[in-house]
Every structure is written in C-alpha cells, then in structure tokens.
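Written out below as structure tokens is the structure these notes cover.
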Amino acid sequence: MLQNYQAEIYRNGVSKQEGKEEPQVASPGEGGTSEEKAAVLEALLQNSEFRASDRNRRFLRFVVEETLAGRADRIKAFTIAVDVFGRDASFDATVDPIVRIAAGQLRKSLRDYYEGPGRADPVHISIPLGAYVPIFEKRGPTNLFAALASRHFPSRRVWAAGAGLVTAVALLLSVTTPLWLDVPTGANRGTAAVLVLDTARTSQVTADANQFAEMLNDALWLNVGRERAIRSVGVRPHEQLETVVSRVKAMYGPESEVFELLTSVQVEADEVRVYWHLLNSASREVQVSSLVKEAFSPAAKAALAETTAARVAAALFGYEGALAQYQADATVAANSTED
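Using the working numbering, the first residue of the sequence shown is number 6, and each one after it goes up by one.
This is the structure we're talking about:
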C-alpha cells in the first residue's frame with residue numbers, strides 16, 4: 006500500500022535525485038542580446054555593493070559566459086566544480102557539496118543586492134533554485150544606460166574594463182524593440198509562493214501509525230507556519246488535495262508559484278520512516294524527495310513527530326533549503342480556502 010502511494014507520486018511527477026540540481030536551459034533569444042547581458046554582468050561585478058566572495062563572482066561570471074556562448078546545456082555541477090573551483094575529474098556532487106553550497110551563497114548575494122542597493126536596477130540577474138543557468142529580467146522602464154553610468158566604480162582597473170561595457174550599452178540603445186524578458190511591474194519572485202501541506206498519510210492500520218501520522222501532521226503545520234518566508238495552506242483530513250490546490254491557485258493568482266508537500270508514514274516495531282516529497286504544482290516535477298528514519302518508541306511519539314517535522318522544515322527553509330529563496334514577509338493561512 007505504501008509502495009503504491011509512493012509510485013503514484015512518481016507517476017505524477019518527474020523525480021530529481023535528492024541533493025542534485027540539474028540545469029534548466031533557457032531559450033537563447035530570451036533576455037536580450039549577448040552584448041546586453043554581458044553589460045549587465047560587468048556592471049554588477051564591478052559594483053562594490055554586490056556582496057559576494059571572489060569565488061562566487063567567478064561562479065556567476067562562468068555561468069553567464071557559458072550561457073552567452075551557447076553552452077547552457079554544459080552548465081552542471083561537475084563542470085562548475087572543475088572549471089571554477091579547481092576540482093579534478095573524480096569530483097562527485099553527491100559526496101562534495103561545494104557547488105550546491107556556493108550556489109546557495111550566490112543566490113543569497115543576488116537576492117540581498119536586488120532587495121537593497123540594486124532594487125532600482127533596470128535588469129536583475131537570478132540563479133533559479135534547482136538550476137545554474139542564469140535568468141535576466143527587466144524590472145521596468147528605467148533607462149539602462151543612465152542606471153549603469155551612474156554606478157560608482159572605485160578603481161582605475163575597473164574603468165579600463167568598462168570600455169567594453171560602454172560599447173555594449175551603446176548597442177543596447179540602438180535596439181528599437183526591447184528583447185528583455187519582461188515581468189509584471191512590481192512583481193517579486195521572492196514572495197509569490199504558496200506551500201500546500203497535504204495531510205500526512207499512512208497505509209498501515211495500527212494505532213501507532215495512525216497516531217503518529219496525526220501528530221506529524223500537526224507538527225508540520227506548526228513548524229511550517231513559523232516560517233514567514235512563504236504562505237502556507239493546510240489540507241484538512243476531510244478535504245481533497247486537488248480541491249485545495251485549485252482554490253489556492255484561484256486565490257493567489259497565476260503569478261504565485263504553488264508547491265505541494267506530501268508525506269507518508271511507516272511505523273515498524275523499532276523504527277519510523279517518513280517519506281516526504283516537494284512537488285511543483287504546475288509542472289508536477291518533484292523538487293525534493295527524501296526519507297527521515299528515526300528510532301521509534303510509542304511513549305515518545307509526540308517528541309518524535311516534532312523532531313521529524315523540524316527536520317523537514319529545515320530542509321525546506323534552512324540554508325540551501327528547497328524553498329530558501331523565498332525570503333520575505335508573507336501571511337500564513339492554516340487553510341483559509343474554505344467557502
């Protein structure tokens with residue numbers, strides 16, 4: 006029964022190996038010309054208010070330049086580890102997390118910059134979660150030449166390097182029809198996300214399994230509800246997940262990214278196993294799939310449920326968590342979708 010439930014999840018979604026990120030290849034025509042994108046990259050890297058280590062600046066330059074050269078399909082953890090971080094051909098991303106860690110740091114640096122000193126920048130660069138291929142987004146009608154020219158570059162070396170930048174910006178100004186990937190004015194990708202928590206399930210009919218599933222469900226609601234970075238909606242036991250998801254999409258609109266958290270419980274004599282899966286509701290892609298195993302004691306079910314829920318929440322919202330990119334104030338609704 007439990008295996009059937011797991012199989013159903015994978016039939017409805019495309020699984021990713023836990024802990025691995027695969028690149029998403031953007032269309033070469035999106036986001037303007039290569040010269041325009043190069044100009045934006047140089048302006049960002051030369052800006053002292055962009056807080057990123059030299060290593061992560063090299064990371065950003067590598068993924069952008071590879072994309073502009075038409076090699077986006079080559080941008081994987083292995084090539085980044087070898088070409089940017091100096092790892093040898095024996096590099097294994099499942100053992101050495103350097104690329105995932107650096108990617109998380111780089112995403113945070115970009116987010117902090119664009120939410121702060123770079124808020125008014127006409128074009129934002131981002132590295133989407135689950136990918137290493139950069140995205141360029143136009144953020145309004147601001148004159149790009151004026152915005153880049155107003156940047157304070159502190160060194161002569163930077164000004165010398167800026168000669169190519171001025172040429173690239175001049176090319177941008179010659180474009181009569183902007184080719185940037187437009188987003189709605191005022192939209193913030195970092196806040197438009199909703200997590201729908203399905204009721205924790207078990208295929209077992211034992212009292213221990215049913216009680217632990219109920220406790221885990223309550224603990225997940227509490228732990229996820231503490232996070233202000235994302236809206237969360239719970240599915241009550243008498244509700245259908247699909248119905249709640251449809252209501253959530255209607256409530257929050259098409260700009261919101263909707264995710265589903267599915268959990269199932271298996272209790273043995275001395276061990277509890279909790280399988281959990283994070284799905285993108287639109288694509289049905291499995292973003293994360295994981296297993297939590299703990300020693301089981303009937304007398305400690307409540308504490309065990311809390312510990313398990315905390316581990317799931319940390320994997321979602323902690324450093325390099327699957328939903329860690331959504332760092333902004335958001336309201337929390339413990340299912341406000343009922344009519």
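No residue lacks a Cβ here, since even glycine has one placed at the ideal position from N, Cα and C.
Among the options, nearest to residue i - alpha-carbon criterion
i: residue 199; options: 258, 290, 101 and 221; result: 258
i: residue 65; options: 136, 322, 241 and 221; result: 136
i: residue 222; options: 249, 270 and 323; result: 270
i: residue 225; options: 321, 256 and 44; result: 321
i: residue 281; options: 291, 46, 304 and 69; result: 291
i: residue 275; options: 304, 122, 80 and 249; result: 304
i: residue 213; options: 235, 251 and 277; result: 277
i: residue 220; options: 260, 312, 264 and 263; result: 312
i: residue 70; options: 140, 302, 117 and 279; result: 140
i: residue 90; options: 75, 286, 59 and 100; result: 59
Simplified DSSP state of residue i, which is helix, strand or coil
i: residue 56; result: coil
i: residue 143; result: strand
i: residue 273; result: coil
i: residue 239; result: strand
i: residue 264; result: strand
i: residue 289; result: coil
i: residue 131; result: strand
i: residue 205; result: coil
i: residue 96; result: coil
i: residue 63; result: helix
i: residue 302; result: coil
i: residue 125; result: coil
i: residue 115; result: helix
i: residue 278; result: strand
i: residue 154; result: Confidence is the limiting factor: at residue 154 the pLDDT is only 45, short of 50, which leaves the residue's position unreliable and the question unanswerable from this model.
i: residue 42; result: helix
i: residue 68; result: helix
i: residue 199; result: strand
Short Cβ contact (9 Å threshold) for residue i with residue j
i: residue 268; j: residue 205; result: yes
i: residue 57; j: residue 115; result: yes
i: residue 228; j: residue 314; result: yes
i: residue 266; j: residue 317; result: yes
i: residue 86; j: residue 98; result: yes
i: residue 112; j: residue 128; result: no
i: residue 210; j: residue 253; result: no
i: residue 67; j: residue 88; result: yes
i: residue 3; j: residue 300; result: Since the displayed the chain opens at 6 and closes at 344, residue 3 lies outside it and no answer follows.
i: residue 84; j: residue 42; result: no
i: residue 131; j: residue 120; result: no
i: residue 272; j: residue 207; result: yes
Are three or more beta carbon pairs between the stretch 283 to 301 and the stretch 239 to 248 nearer than 8 Å? Taking a contact to require three or more Cβ pairs closer than 8 Å, the stretch 283 to 301 and the stretch 239 to 248 do not qualify as touching.
Does the contact criterion of 3 or more C-beta pairs under 8 Å hold for the stretch 40 to 57 versus the stretch 97 to 107? The stretch 40 to 57, when compared against the stretch 97 to 107, does not touch it at the 8 Å Cβ threshold.
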